[in-house]
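Protein chains in written order, with UniProt numbering: chain A, 1 to 243; chain B, 1 to 167.
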Amino acid sequence: MERKNFLKSLVISAVSAPVILQACKKDSDSASPDATTTSSSTADGSAEGGCVVAPTETEGPFPTKQPASYVRSDITSDRTGYKLTIKITINNSSKSCAAVSGALVDIWHCDAEGNYSEYGGSGMQSTNYQLVHFLRGRQTTDANGLVTFTSIFPGWYSGRSTHIHVHVYNSSGTSLKVTQIAFPEGTGTAVAAVNGYSKGMSNYTYNKSDNVFSDDTAGVEIATVTGNTTDGFALSIALAVPA
Amino acid sequence: MAKRKIVLCYRKIIDVNSNKPWEKLVFNDSYMEFRMQVQNFAEVQTYPSYGELLSHVPEVKKLNHIVSGAVMNYIQQLNEVMPDILNNLGRRFLKFKTFQFEIINSHLHLKDKHQVSISFFSEPVLWYDTIDNYLLIGNEIPAESVVLTHLFQLQPYLSIYSVQMID
């Protein structure tokens, strides 16, 4: 029992001191005949001098190139809310507003309660990858400069009006534009119909008071939003970027 | 000896020197994602190195989670068995369901500065005994049954993350 405890302590110290591990391994080999069987059987393999055995198993897994988990059109994941279809057209402000094809478009927004996926991830993540990056997506523009996402109508959080973040890149991943999409407000709008989900609209920040959108007096950041809470909503906007 | 329930953690470092296919894919794709996402922070133009940027803009640490989206599908390919760590029969054996992705270093322009780690956390196992430099572990099973075990050696970057005394 004493020896076991001694060996145990060696193993624990081995984590931080591989050099000591080697020295002690020799000691324990010579001092304990009953351990020799284990040692000698591995010595024929590759476990000499504190090394571990080399892999001896069927080759694999065979990794193949995989897209980031953001590359998807439906970004809903496990979130619930009124369905929202998002259509974004990217035009080239440096080239007479011609459609930009092959651009990467990232979008992300908060869920019905106003939470983003990226703030929950400081600790361990589960291998169930579907859940942790909810409401984030990436698509590549087609010949007409269009990308389409399926999501839910965003909720809101303190200090901001309803919005969707957009980051447009060229095909090699260089940033062309970081911007946000605002929503129309007032009677008959989607924002009024959704009514802030369970939060209601008390203390809601409207576009004119929003620190991002308040300077957009021409309304170029405000999307066209149609639909209703039964059938879902459809958002469309054209964004001009210097491509 | 008293039985202990332990969780093992293996921290796999991936950088420009990693040369297995899986590691290269993780290296390249996590760098691409880092480069894309870090451009959300305008300050990166002044501080292109991740470490420097982090010290000026603490919010940048959320990139750890966001960039992990680039490696999720590669984690899936491991089928919940840790890479690299072998039992004494030469097989991979440690099951995991949780992991933590971390950007150690990176740079907006210099790919060879990119270095990430993935820490794999094992499912809880019982530590039955220690033989020579090897740990004997197995799953927890009802009393009087035969326990199938794994014998393995602690090694650099493999550690015991948590321990719970059973009896």
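In this text, a Cβ means the ideal position worked out from N, Cα and C, and glycines have one as well. Please read all numbers here as calculations on a predicted model, not as lab measurements.
*Is it the case that the Cβ atoms of residue 69 of chain B and residue 69 of chain A are separated by a distance below 8 Å?*
yes
*Is any beta-carbon of chain B found at less than 8 Å from that of residue 241 of chain A?*
no
_Residue from B:160, B:8, B:18 and B:151 with nearest C-alpha to residue 88 of chain B_ = B:151
*Going along the chain, which unbroken runs of the alpha helix (DSSP H) with 4 or more residues stay wholly within the UniProt domain "Intradiol ring-cleavage dioxygenases" (80-173) of chain A?*
none
*Hey, how far is the Cα of residue 89 of chain A from the Cα of residue 144 of chain A?*
7 Å
*Run the CB neighbour count on residue 112 of chain A, radius 10 Å, all protein chains shown included, and call it buried at 16 or more, exposed below.*
buried
*If we ignore side chains and look at the alpha-carbon of each, how far apart do residue 235 of chain A and residue 185 of chain A end up?*
14 Å
_Which residue marks the beginning of the beta strand (DSSP E) containing residue 245 of chain A, and which one marks its end?_
Residue numbering for chain A in the displayed model covers 1 to 243; residue 245 of chain A lies beyond these limits and cannot be assessed.
_Residues near residue 115 of chain B in its chain [Cβ-Cβ closer than 6 Å; skip 5 each side]_ = 15, 104 and 105
_Please classify residue 165 of chain B as buried or exposed, where buried requires at least 16 neighbouring CB atoms within 10 angstroms._
exposed
*Can you have a look at residue 198 of chain A and say buried or exposed, based on whether 16 or more other CB atoms are within 10 angstroms of its CB?*
exposed
_Cβ distance (whole Å) where residue 179 of chain A is taken to contact residue 221 of chain A below 8 Å_ = 7 Å
*Starting from residue 35 of chain B, find everything on chain A with Cβ-Cβ shorter than 8 Å and list it in chain order.*
173
*Simplified DSSP state of residue 122 of chain B, which is helix, strand or coil*: strand
*Flag residue 167 of chain B as yes if its beta-carbon sits less than 8 Å from any beta-carbon of chain A, otherwise no.*
no
*Excluding the 5 residues preceding and the 5 following residue 123 of chain B in the sequence, name in chain order all residues of the same chain whose CB lies nearer than 7 Å to its CB.*
95, 96 and 97
*Using only alpha-carbon positions, find the residue among B:129, B:82, B:107 and B:30 that is nearest to residue 65 of chain B.*
B:30
*asked:* Strictly below 7 Å CB to CB, what residues from chain B border residue 184 of chain A?
replied: Within chain B, no residue comes near residue 184 of chain A; the closest Cβ sits about 26 Å away, beyond 7 Å.
_With 16 other Cβ atoms within 10 Å as the buried cut-off, status of residue 141 of chain B_ = exposed
*Comparing alpha-carbon positions, which option in A:238, A:202 and A:155 lies nearest residue 166 of chain A?*
A:238
_CA-to-CA distance, residue 101 of chain B to residue 244 of chain A, given in whole angstroms_ = Not covered by the structure: residue 244 of chain A. The range shown for chain A is 1 to 243.
*8 Å Cβ shell around residue 99 of chain B - same chain, five flanking residues per side excluded*: 75, 118, 119, 120 and 121
*Taking C-beta pairs closer than 9 Å, name the residues in chain A that residue 117 of chain B reaches, listed in chain order.*
Chain A residues near residue 117 of chain B: none, gap ~13 Å exceeds 9 Å.
_Contact set for residue 49 of chain B: own chain, Cβ-Cβ below 6 Å, skip 5 residues either direction_ = 107
_Once DSSP output is grouped into helix, strand and coil, what is the label at residue 202 of chain A?_
coil
*Is residue 57 of chain B helix, strand or coil when you go by DSSP?*
coil
*By how many angstroms is the C-alpha of residue 172 of chain A removed from the C-alpha of residue 154 of chain A?*
29 Å
*Can you grab the Cα-Cα spacing for the pair residue 110 of chain A / residue 5 of chain B, in whole Å?*
39 Å
*For residue 43 of chain B, which of helix, strand or coil comes out of DSSP?*
helix
*Where residue 82 of chain B and residue 132 of chain B are concerned, what is the direct C-alpha to C-alpha distance, given to the nearest angstrom?*
24 Å
_Any beta carbon of chain A sitting closer than 8 Å to that of residue 74 of chain B?_
yes
*Could you say which of A:168, A:100 and A:213 lies nearest to residue 182 of chain A if we only look at CA atoms?*
A:213
*Please specify which runs of the alpha helix (DSSP H), each continuous and at least 4 residues long, are wholly inside the stretch 72-135 of chain B, giving them in chain order.*
72-77
*Kindly give me the distance between the Cβ atoms of residue 73 of chain A and residue 159 of chain A, rounded to whole angstroms, as I take these residues to be in contact under 8 Å.*
That belief does not hold up - the Cβ atoms of residue 73 of chain A and residue 159 of chain A are roughly 30 Å apart, past 8 Å.
*Buried or exposed (CB count within 10 angstroms, at least 16 for buried), residue 62 of chain A*: exposed
*asked:* If we define contact as Cβ-Cβ less than 8 Å, is residue 90 of chain B a contact residue for chain A?
replied: yes
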